[in-house]
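Following: one structure in structure tokens, then a few remarks.
Chains as they are written, first to last, in my numbering: chain A, 4 to 144; chain B, 1132 to 1263.
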């Protein structure tokens, strides 16, 4: 097998692509899912949830964490064209959304923080002590 | 579904002839509308910072390209995936002559708004219809 050099971001992209295809059959194999689509990552001591919500004004974005459940709420407003404009294409949707995501382990919800940058929402939720990876010391007998 | 409720649409992956960078590229969703003196393109490019965005007009070809920041994903292992991570790329053929010197681009919250002013000779003119 040939070895191909990939940096860590390329590895992540490839892994995300594989998981997407495993979950949805093909790169374009799903429709009508709940908005917004989210990716959840493991960062060792925390879970990182990312959602692409371009064009949402930060004040229209609401994130809450309760127990292991993250709720995203918001509204995407319409880019209002000037009067008398004629549409050639219209692919971007507008409207409200509410999305509930359940995390796979206990979290320290009161230490969660959210950041919105370039249209991507990132929520970092530290794992509860019980759910954090622990390294055990092996005792020699 | 009520008309105001958002529904997710999958990002469409694009195959590029010879990209200089590896990793997937997706097709940004766009609105395109035409006003009296400009063509306006609005594109969703979440995760693309202004310094990783490129807009090129070559003849009647408009190319929009953006990349996401790898450092946003440092140390992360995917657990659950609903969308792919990658850049955005889309090419358009402009139906009208554009004045390339006065193109305005604005990127805010992951949305690119591109104002392409029509060249003087391509602007809309009102034509008087004479009654016979």
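Even glycine gets a Cβ: it sits at the ideal position worked out from N, Cα and C. This one's a predicted model, so the numbers in the text were calculated from it and none came from an experiment.
Practice task
Could you tell me how far apart the beta carbons of residue 1167 (chain B) and residue 87 (chain A) are, in whole angstroms, since I believe they sit closer than 8 Å?
Solution key: Working through the second chain from its first residue, we reach residue 1167 (chain B) at position 36. Working through the first chain from its first residue, we reach residue 87 (chain A) at position 84. Yes, residue 1167 (chain B) and residue 87 (chain A) are in contact; Cβ-Cβ is about 7 Å, under 8 Å.
Practice task
Output the distance between the C-alpha atoms of residue 32 (chain A) and residue 38 (chain A), rounded to the nearest integer angstrom.
Solution key: The residue labelled residue 32 (chain A) in the question sits at position 29 within the first chain. The residue labelled residue 38 (chain A) in the question sits at position 35 within the first chain. Summary for residue 32 (chain A): the model assigns pLDDT 49, below 50, so the residue's position carries little reliability; its value from the coordinates is reported in the next sentence. For residue 32 (chain A) and residue 38 (chain A), the distance between alpha carbons rounds to 16 Å.
Exercise for the section: Would you verify that the beta carbon of residue 1153 (chain B) is, or is not, closer than 8 Å to some beta carbon of chain A? Expected result: The residue labelled residue 1153 (chain B) in the question sits at position 22 within the second chain. Chain A, which has a Cβ nearer than 8 Å to the Cβ of residue 1153 (chain B), makes this yes.
Handout entry: Beta-carbon separation (whole angstroms), residue 1227 (chain B) vs residue 1170 (chain B), contact threshold 8 Å
Key = Residue mapping note: residue 1227 (chain B) aligns to position 96 of the second chain, counting from 1. Residue mapping note: residue 1170 (chain B) aligns to position 39 of the second chain, counting from 1. Right, their Cβ atoms sit about 6 Å apart.
Problem - DSSP beta-bridge partners of residue 67 (chain A) - result: For this step, residue 67 (chain A) is matched to residue 64 along the first chain. Residue 67 (chain A) is bridged to A:74.
Exercise for the section: Verify whether the separation of the beta carbon atoms of residue 1155 (chain B) and residue 14 (chain A) is less than 8 Å. Expected result: On the second chain, position 24 is the one that residue 1155 (chain B) refers to. On the first chain, position 11 is the one that residue 14 (chain A) refers to. No.
Exercise for the section: Compare the Cα-Cα distances from residue 108 (chain A) to each of A:133, A:90, A:76, A:114 and report the closest residue. Expected result: If you number the first chain from 1, residue 108 (chain A) lands on position 105. Considering only alpha carbons, the answer is A:133.
Problem - Distance between residue 1180 (chain B) and residue 1173 (chain B) (C-alpha atoms, nearest Å) - result: Looking up residue 1173 (chain B) in the second chain gives position 42. Looking up residue 1180 (chain B) in the second chain gives position 49. Roughly 16 Å between the two C-alpha positions.
Exercise for the section: Identify the continuous beta strand (DSSP E) that holds residue 1193 (chain B) and give its terminal residues. Expected result: As a working mapping, residue 1193 (chain B) is identified with position 62 in the second chain. Element bounds for residue 1193 (chain B): 1192 to 1197.
Problem - Boundaries of the beta strand (DSSP E) in which residue 98 (chain A) is found, first to last residue - result: Position 95 of the first chain holds residue 98 (chain A). Run containing residue 98 (chain A): 98 to 105, per the beta strand (DSSP E) assignment.
Exercise for the section: Look at the alpha carbon of residue 1207 (chain B) and the alpha carbon of residue 1192 (chain B), and state the distance between them as a whole number of angstroms. Expected result: The residue you call residue 1207 (chain B) lines up with position 76 of the second chain. The residue you call residue 1192 (chain B) lines up with position 61 of the second chain. Looking at the two C-alpha atoms, the distance is approximately 38 Å.
Problem - residue 1180 (chain B), DSSP secondary structure in three states - result: For the purposes of this step, residue 1180 (chain B) is taken as residue 49 along the second chain, with counting starting at 1. Three-state DSSP puts residue 1180 (chain B) in coil, outside helix and strand.
Problem - Proximal chain A residues relative to residue 1139 (chain B), where beta-carbon distance stays under 8 Å - result: Taking the first residue of the second chain as 1, we reach residue 1139 (chain B) at position 8. Under the 8 Å cutoff, chain A gives 35, 36, 37, 38, 39, 40.
Handout entry: Near-chain A residues of the segment 1163 to 1176 of chain B (beta-carbon distance less than 9 Å), N- to C-terminal order
Key = 1163, 1164, 1165, 1166, 1167, 1170, 1171, 1172, 1173, 1174, 1175, 1176
Handout entry: residue 24 (chain A) (DSSP reduced to helix, strand or coil)
Key = Residue numbering aside, residue 24 (chain A) sits at position 21 when the first chain is read from its first letter. The answer is helix: DSSP assigns residue 24 (chain A) an H, G or I state.
Exercise for the section: Ignore the nearest five residues each way along the sequence and tell me which others in residue 118 (chain A)'s own chain have a CB closer than 6 Å to its CB. Expected result: If you number the first chain from 1, residue 118 (chain A) lands on position 115. Closer than 6 Å at the Cβ level, and outside the excluded window around residue 118 (chain A), lie 125.
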